[in-house]
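Remarks on the structure that follows.
Residue numbers (our numbering): 13 to 281.
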């Protein structure tokens with residue numbers, strides 16, 4: 013929705029009616045697809061789009077490949093559960109969250125991939141969860157007529173969206189519908205959200221290589237995970253010899269007797 017129209021609509025919402033609609037969406041098991049879409053358009057569809065630059069020097073993801081080495085670049089461009097659709101790949105700002113988010117089990121062998129920033133330009137990502145309550149953006153919005161009531165209504169809808177994004181069992185169809193409402197007619201190059209201090213970004217598969225280069229694939233076994241990812245220990249088995257490039261077969265070196273290594277969340281927060 014256009015910026016000015018969204019402000020006017022959010023300012024004019026009846027807060028009680030909005031809360032009732034959001035509650036119906038939260039308990040939507042018995043609603044028809046048409047009713048769910050109508051409620052989404054009346055709530056999430058009333059928000060104005062917001063974006064931010066992705067400045068992370070490195071991004072990470074974990075790929076399940078049956079414990080084997082990935083042999084080409086094309087096979088890396090997929091995700092088991094494509095939250096935002098098959099055109100997007102989800103990354104994390106640290107190498108720990110992909111193990112948590114992917115529900116990797118102790119003893120399981122996976123490929124840990126590192127993508128390094130390839131250009132100075134930063135991709136713009138649609139802010140799926142909206143602005144946080146303490147954001148200074150609201151001071152700017154107030155100058156454009158955004159009222160306190162409008163802010164409360166905005167935060168109510170943003171909270172609903174956030175809760176859907178961080179659920180353990182995510183409703184992918186609902187999240188994709190929200191995405192389409194927020195982005196409008198123009199397909200976003202990237203999407204982002206955060207949870208418990210962890211940042212996530214989903215980037216379109218056709219633009220990943222423009223902004224980031226896959227510099228490392230480590231085939232490793234998860235040895236143990238402490239307190240849902242505060243600390244993760246892996247045993248590296250093989251490592252890609254060079255950058256992972258389209259059209260080139262990936263070559264690996266054996267790690268040998270290097271032992272395990274540990275990722276600690278405190279190092280990334």
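Note that the Cβ used here is the ideal one computed from N, Cα and C, for glycine as well.
Checklist line | Given residue 124 as reference, the closest of 275, 279, 223 once Cα atoms are compared | finding: Sequence index remark: in the chain shown, residue 124 carries index 112 (1-based). Considering only alpha carbons, the answer is 275.
Check: If we ignore side chains and look at the alpha-carbon of each, how far apart do residue 152 and residue 179 end up?
Finding: Walking along the chain shown from the start, residue 152 turns up at place 140. Walking along the chain shown from the start, residue 179 turns up at place 167. Going from the Cα of residue 152 to the Cα of residue 179 covers about 31 angstroms.
Next item on the list: With DSSP collapsed to three states, give me the class of residue 110.
Entry: On the chain shown, residue 110 is found 98 positions in, with the first residue counted as 1. Helix.
Check: Among 103, 211, 96, 190, which one has its Cα closest to the Cα of residue 61?
Finding: For the purposes of this step, residue 61 is taken as the residue at position 49 of the chain shown. Out of 103, 211, 96, 190, 190 has the C-alpha closest to the C-alpha of residue 61.
Next item on the list: Tell me whether residue 80 sits in a helix, a strand or coil according to DSSP, three-state version.
Entry: The residue given as residue 80 occupies position 68 in the chain shown. In the structure shown, the three-state DSSP call for residue 80 is coil.
Check: Can residue 114 and residue 74 be called in contact, C-beta distance under 7 angstroms?
Finding: Stepping through the chain shown from its first residue, residue 114 is reached at position 102. Stepping through the chain shown from its first residue, residue 74 is reached at position 62. In this structure, residue 74 lies closer than 7 angstroms to residue 114 by Cβ.
Item checked: Per-residue DSSP class, three states only, for residue 74 -> Position 62 of the chain shown, counted from the start, is the residue given in the question as residue 74. Strand, per DSSP.
Next item on the list: Pick helix, strand or coil for residue 206, following the three-state DSSP scheme.
Entry: Here residue 206 corresponds to residue number 194 of the chain shown, with the count starting at 1. The three-state reading of DSSP puts residue 206 in strand, counting E and B together.
Item checked: Inter-residue Cα distance where the pair is residue 112 and residue 210 -> By one-based count along the chain shown, residue 112 stands at place 100. By one-based count along the chain shown, residue 210 stands at place 198. Between residue 112 and residue 210, the C-alpha separation is close to 11 angstroms.
Checklist line | When 199, 30, 217, 277 are compared against residue 63, the one with the closest alpha-carbon | finding: Indexing the chain shown from 1 puts residue 63 at position 51. The shortest C-alpha separation from residue 63 is found at 199.
Checklist line | Contact under 7 angstroms by Cβ, residue 105 with residue 216 | finding: Locating residue 105 in the chain shown gives position 93, counting from the first residue. Locating residue 216 in the chain shown gives position 204, counting from the first residue. No, these two residues do not count as a Cβ contact at 7 angstroms.
Next item on the list: Work out the CA separation of residue 128 and residue 272 for me, nearest whole Å.
Entry: For the purposes of this step, residue 272 is taken as residue 260 along the chain shown, with counting starting at 1. For the purposes of this step, residue 128 is taken as residue 116 along the chain shown, with counting starting at 1. Distance between the alpha carbons of residue 272 and residue 128: 23 angstroms.
Check: So residue 188 and residue 96 are in contact, right, with Cβ under 8 angstroms, and what is the actual spacing, rounded?
Finding: Indexing the chain shown from 1 puts residue 188 at position 176. Indexing the chain shown from 1 puts residue 96 at position 84. The Cβ separation is near 6 angstroms, so the contact holds.
Notebook entry, point to check: According to DSSP, is residue 201 helix, strand or coil?
Noted result: The residue given as residue 201 occupies position 189 in the chain shown. Residue 201: coil per DSSP, three-state reduction.
Next item on the list: From the DSSP output, read off the bridge partner residues of residue 212.
Entry: Residue mapping note: residue 212 aligns to position 200 of the chain shown, counting from 1. When DSSP reads this structure, residue 212 sits in a beta bridge with 104, 205.
Checklist line | Host alpha helix (DSSP H) of residue 172 (start-end) | finding: The count along the chain shown starts at 1 and reaches residue 172 at position 160. 160-178 is the span of the alpha helix (DSSP H), which, as asked, contains residue 172.
Next item on the list: Assuming residue 224 and residue 71 form a contact by the criterion Cβ under 8 angstroms, report the distance between their Cβ atoms to the nearest whole angstrom.
Entry: The residue given as residue 224 occupies position 212 in the chain shown. The residue given as residue 71 occupies position 59 in the chain shown. Going by Cβ atoms, the distance from residue 224 to residue 71 rounds to 6 angstroms, so yes, they are a contact pair.
Next item on the list: Determine the burial state of residue 57: buried for a count of at least 16 other Cβ atoms within 10 Å of its Cβ, exposed for fewer.
Entry: Counting from one through the chain shown, the residue named residue 57 turns up at place 45. When all chains shown are included, residue 57 counts as buried.
Item checked: Extent of the continuous alpha helix (DSSP H) run through residue 50 -> Here residue 50 refers to the residue found at position 38 when the chain shown is read from its first residue. Per DSSP, residue 50 belongs to the alpha helix (DSSP H) from 45-54.
Notebook entry, point to check: Considering only the beta carbon of each residue, do residue 51 and residue 37 sit closer than 7 angstroms?
Noted result: For the purposes of this step, residue 51 is taken as the residue at position 39 of the chain shown. For the purposes of this step, residue 37 is taken as the residue at position 25 of the chain shown. Contact flag set, yes.
Next item on the list: Please report how far the alpha carbon of residue 247 lies from the alpha carbon of residue 214, in whole angstroms.
Entry: Along the chain shown, one-based indexing puts residue 247 at 235. Along the chain shown, one-based indexing puts residue 214 at 202. Roughly 27 angstroms between the two C-alpha positions.
Next item on the list: Give the secondary structure of residue 265 by DSSP, where H, G and I count as helix, E and B as strand, and everything else as coil.
Entry: Locating residue 265 in the chain shown gives position 253, where the first residue counts as 1. Strand, per DSSP.
Check: Which partner residues does residue 137 have in the DSSP bridge list?
Finding: Numbered from 1 along the chain shown, position 125 holds the residue referred to as residue 137. DSSP output for residue 137 lists 64 as bridge partner(s).
Check: Are residue 250 and residue 266 touching if we call contact CB-CB under 7 angstroms?
Finding: Translated into the one-based positions of the chain shown, residue 250 becomes position 238. Translated into the one-based positions of the chain shown, residue 266 becomes position 254. Going by C-beta atoms, residue 250 is nearer than 7 angstroms to residue 266.
Notebook entry, point to check: Rounded to a whole number of angstroms, what is the C-alpha to C-alpha distance between residue 368 and residue 256?
Noted result: Residue 368 lies beyond the range of the chain shown here (13 to 281); nothing can be said about it.
Item checked: Cβ pair residue 231, residue 81 closer than 7 angstroms -> Residue mapping note: residue 231 aligns to position 219 of the chain shown, counting from 1. Residue mapping note: residue 81 aligns to position 69 of the chain shown, counting from 1. For residue 231 and residue 81, yes; Cβs fall inside 7 angstroms.
Check: On the three-state DSSP scale, how would you describe residue 280?
Finding: By 1-based counting over the chain shown, the position of residue 280 is 268. Three-state DSSP puts residue 280 in coil, outside helix and strand.
Next item on the list: Assign residue 275 to one of three DSSP states: helix, strand, or coil.
Entry: The sequence position of residue 275 within the chain shown is 263, counting from 1. Reduced to three states, the DSSP call for residue 275 is strand.
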